[in-house]
Every structure is written in structure tokens, then in C-alpha cells.
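**Q**
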Amino acid sequence: ALAVPSDSRVIHRDHACVRDEAGDRDIRPELRPSSFHKSRARHHRSSSIRQRFAIITPASLVSEQIQEHEQEVVRREQMSGYKRMQRQHQKQLIALENRLKAEMDEHKLRLQKDVETQANNTYIELERLAKKQAAQLDKEMKSSAAEEKRIQQQILVQQKKELTTFLDTQKRQYRLCRERMKEEMNEDSDTPKEEKQERLSRHKETMQRSQAEEEAQLLNQQRLVYERSCRALKRRSLIKKHEFEQEQMREELNKKKTQKEMEHALMIRQDESTQELEQRHLETLQRLRFELMRHQHQTELENQEEYNSRRQRELHRKHALERRQQPRNLKTLEMQIKKQFQDTCKVQNKQYKALRNHQLEVSPKSDHKAILKSLKEEQTRKLAQLAEAGG
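For the sequence shown, the residue numbers in the numbering used here are 3 to 393.
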């Protein structure tokens with residue numbers, strides 16, 4: 003069967019040539035060739051038409067080309083589908099990664115806010131503690147200073163009383179001594195008045211000098227006692243302040259230790275929550291990748307199965323077509339070839355027997371075994387070559 007190819011120019015040109023030839027026949031009716039010339043002209047025209055239509059493609063080739071074109075279209079569609087599927091999978095992965103990244107950023111921001119809140123609370127509590135300790139220390143220092151000042155005032159009042167008592171005692175002693183000297187001088191009438199006045203003046207100076215020395219000694223003793231008492235008060239105040247500051251430092255260190263432990267616990271909880279979130283993100287990504295890979299493999303498997311079934315149908319159809327297109331006498335030809343091969347084998351066997359008998363006759367008996375073996379191998383080799391040539 004012949005089919006018209008897709009190249010319509012050839013068909014139109016051939017049809018035009020046929021119409022031209024028909025027109026030539028119609029235009030020149032007066033030319034009447036003889037029967038010989040008519041037969042030659044018909045033969046020439048038929049051979050010319052056959053030559054011109056010899057380029058027409060057979061229907062089987064056209065079917066194969068159409069089938070190949072359809073297969074190419076199917077393959078291109080499959081590749082386009084694969085590419086679209088891969089782009090879609092890539093978009094899904096990118097969208098999921100972006101969503102997980104945003105979730106992780108939000109999680110880290112929340113953790114950072116928690117850390118900042120914890121740090122601010124710690125700073126506020128330490129500031130409050132520092133203010134409270136400063137107020138307590140100031141109150142304690144004021145109390146110590148007031149106590150020290152009170153004790154110093156008591157010491158000064160006591161010393162002032164002692165000094166007043168001492169001066170009063172000295173005055174009484176001075177008056178008593180002066181009265182006694184006056185009585186003694188009044189009783190002594192022989193002594194001149196100037197000498198009595200001189201003796202009274204010397205005694206007065208002696209008494210005043212002695213009282214001044216005793217007063218200075220008392221003041222020096224009071225000063226030493228006051229300084230020693232002030233040093234004792236200062237030492238007691240400093241020791242009390244040092245103990246109070248140590249207590250405040252221990253309180254501050256305990257507070258800082260508690261805050262650090264809370265911060266460390268917060269960091270541990272944040273790290274655990276971050277690890278759990280990362281684990282969930284990885285599992286989500288792996289699950290999506292596995293699902294996309296499974297979908298891609300399933301699609302490829304379905305396409306491969308479809309391709310295999312289509313190829314199988316095509317091969318069955320091609321095999322059936324080839325069987326229908328085989329010549330009818332193919333069986334007869336096979337029988338003839340088989341009969342020729344059997345006849346050739348018979349001839350070979352006859353020639354082998356004749357050659358064997360001849361060789362055995364002309365050869366010594368000791369060489370018969372080797373000759374038979376060599377002839378057998380040669381016969382086997384030739385039969386194999388004949389079988390290969392016949393196949």
C-alpha cells in the first residue's frame with residue numbers, strides 16, 4: 003500500500019505534469035500515431051509516472067514516523083512534567099525552609115527577650131539591694147557616730163566635773179593655807195610687815211604654781227583618757243562597720259549567685275527548647291523531602307510502566323505486522339533449506355567414509371587411531387561451519 007507523503011509540493015507537481023500531459027493530448031488531436039507509437043507512448047508515460055511517484059513514502063514508514071513523533075511528544079511532555087514537578091518540589095522546600103527559618107528567628111527573638119528581661123530584673127534587684135544596703139550602712143554609720151559623740155560628750159562632761167571639783171578643792175586649800183598663814187603672821191608680832199607681805203606673796207606664788215602643775219597634770223590625764231576612749235570608740239565603730247559591710251557583701255554575693263543560677267537554668271531551658279525546635283524542623287524537612295521523593299519515584303515508576311506497556315504493545319503489533327507481511331512460501335523455503343542441509347550432511351558423511359577408508363588402507367595400522375581422531379575433528383568442524391552458513 004502506498005500513501006501520499008506530507009510534502010504536498012511533490013504531489014502537486016506530479017499532478018500538474020499529469021494534467022499537462024493530458025492537456026497535450028487534448029490540444030493536438032490531429033496527431034494520430036500508429037499503434038506501435040501509441041504503445042510506446044503509453045509505456046513511456048506509465049514509466050514516467052512510476053518514476054515520479056517512486057518518491058512517495060510507504061504507509062508503514064509514515065506510520066513509524068508518526069509513532070516516533072508521538073513518542074517524542076510524550077517524552078517531551080514527560081520531561082516537562084518532571085521539570086514542573088521538580089520546580090514545584092523546590093518551591094515547596096524553599097517555602098518550608100523560609101517558614102521554618104522565620105519560626106526559628108521568632109523563637110530566638112523570644113529567647114533573647116527572655117534573657118534581656120532576666121538581666122533587667124537582675125539589674126533592678128541588685129540596684130534595689132545596693133540602695134537598701136547603702137541606706138542601712140548610712141543609718142548604721144549615723145547611729146555609730148551619734149553613739150560615739152554621746153559617749154565623747156559624757157566623757158567631756160565627766161572630765162569637766164572632775165576639773166571643776168579639782169579647782170574648787172584647790173581654791174579651798176588655797177584659802178585655808180592663806181588663812182592659816184595670816185593667823186601665823188598675826189601671832190608673830192616681831193616680824194616686820196613688809197617681810198610678812200613678802201612671805202605671803204612667795205607662798206601665794208608657790209601655791210599657784212603647785213596648783214597650776216596639778217591642774218596641767220589633771221588636764222593631761224584627762225586628754226589621754228579622752229583620746230584613748232575616742233580611739234576605742236573609733237575601733238569599735240570600724241569593726242562594727244566592717245562586720246556590717248561583710249554581711250552586706252555576703253547578701254549581695256548570695257543574691258548574685260541566685261541570679262546566676264536562675265540565668266544558667268534559663269539558658270539550659272532555652273538550649274533544650276532550641277534543640278527540640280531544630281529537631282522538629284529537621285524531621286519536618288526530612289518528611290517533606292521523603293514525601294516529594296516518594297511522589298517523584300511513584301511518578302517515574304508509573305511513567306516507566308506506561309512506557310513499558312506501550313512498548314510491549316508496539317512490539318506485539320510490530321511482530322504481528324511482520325508476521326502478516328512475511329511471504330507465503332516462507333515455510334516452503336525453510337523446508338528446502340533444511341532438505342539442502344540434510345543432503346549436504348549426507349554427502350559429507352559419504353565423503354568422510356570414503357576418505358577414512360582410503361586413509362586406513364594407505365596408512366600403517368599404528369597410525370589409524372590418530373587418523374580417525376583427526377578426520378573426526380575435521381568432519382565436526384566442517385559440519386559446524388556448514389550449520390553456521392545455513393543458519
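Every residue, glycine too, gets a C-beta built ideally from N, C-alpha and C. Being a predicted model, the structure only gives us computed values, none of them experimental.
Assign Ser82 to one of three DSSP states: helix, strand, or coil.
**A** Residue state, collapsed to three classes: helix.
**Q** Beta-carbon separation of Gln261 and Thr124 under 8 angstroms?
**A** Yes; because the gap between Cβ atoms is below 8 angstroms, this pair is in contact.
**Q** Give every residue of the same chain whose Cβ lies closer than 8 angstroms to the Cβ of Leu221, excluding the five residues on either side of it in the sequence, and list them in chain order.
**A** Taken in chain order, the residues that qualify are Leu165.
**Q** Let me know if Leu2 comes out buried or exposed under the rule of 16 or more other beta-carbons within 10 Å of its beta-carbon.
**A** Because the chain in this structure spans residues 3 to 393, residue 2 falls outside the shown range and cannot be described.
**Q** Select from Gln361, Ser368, Glu390 the residue whose C-alpha is nearest the C-alpha of Lys378.
**A** Nearest C-alpha to Lys378: Gln361.
**Q** Quick test of your reading: Leu317 and His109, contact by CB under 8 angstroms. State the CB separation rounded to the nearest angstrom.
**A** Incorrect: roughly 59 angstroms between the Cβ atoms, too far for contact.
**Q** So for Ser145, helix, strand or coil by DSSP?
**A** Residue state, collapsed to three classes: helix.
**Q** Sort Arg225, Thr301, Lys320 by Cα distance to Arg86 and report the nearest one.
**A** Out of Arg225, Thr301, Lys320, Thr301 has the C-alpha closest to the C-alpha of Arg86.
**Q** Please check the pair Leu139 and Lys257, which I expect to be a contact at CB under 8 angstroms, by giving their CB distance rounded to whole angstroms.
**A** 16 angstroms between Cβ atoms; not a contact.
**Q** Would you kindly work out how many angstroms separate the C-alpha atoms of Lys435 and Ser231, rounded to a whole number?
**A** One cannot answer for residue 435 here, as it falls past the ends of the chain, which runs 3 to 393.
**Q** Thinking C-beta only, is Ser146 closer than 8 angstroms to Lys243?
**A** Their beta carbons are under 8 angstroms apart, which means Lys243 touches Ser146 by this criterion.
**Q** Short of 7 angstroms in beta carbon distance, which residues of its chain neighbour Leu33, apart from the five on each side in sequence? Order them along the chain.
**A** In this prediction, Leu33 has a pLDDT of 37, which is less than 50 and means its spatial position is unreliable; what the coordinates show is noted afterwards. Here the set comprises nothing.
**Q** Should the region 282–289 be regarded as contacting the region 146–157, the criterion being three or more beta carbon pairs within less than 8 angstroms?
**A** Verdict: no, contact absent.
**Q** I'd like the ranges of any alpha helix (DSSP H) spanning at least 4 consecutive residues and lying wholly in the region 300–350.
**A** Here no run is fully enclosed.
**Q** DSSP three-state call for Ser365: helix, strand or coil?
**A** Reduced to three states, the DSSP call for Ser365 is coil.
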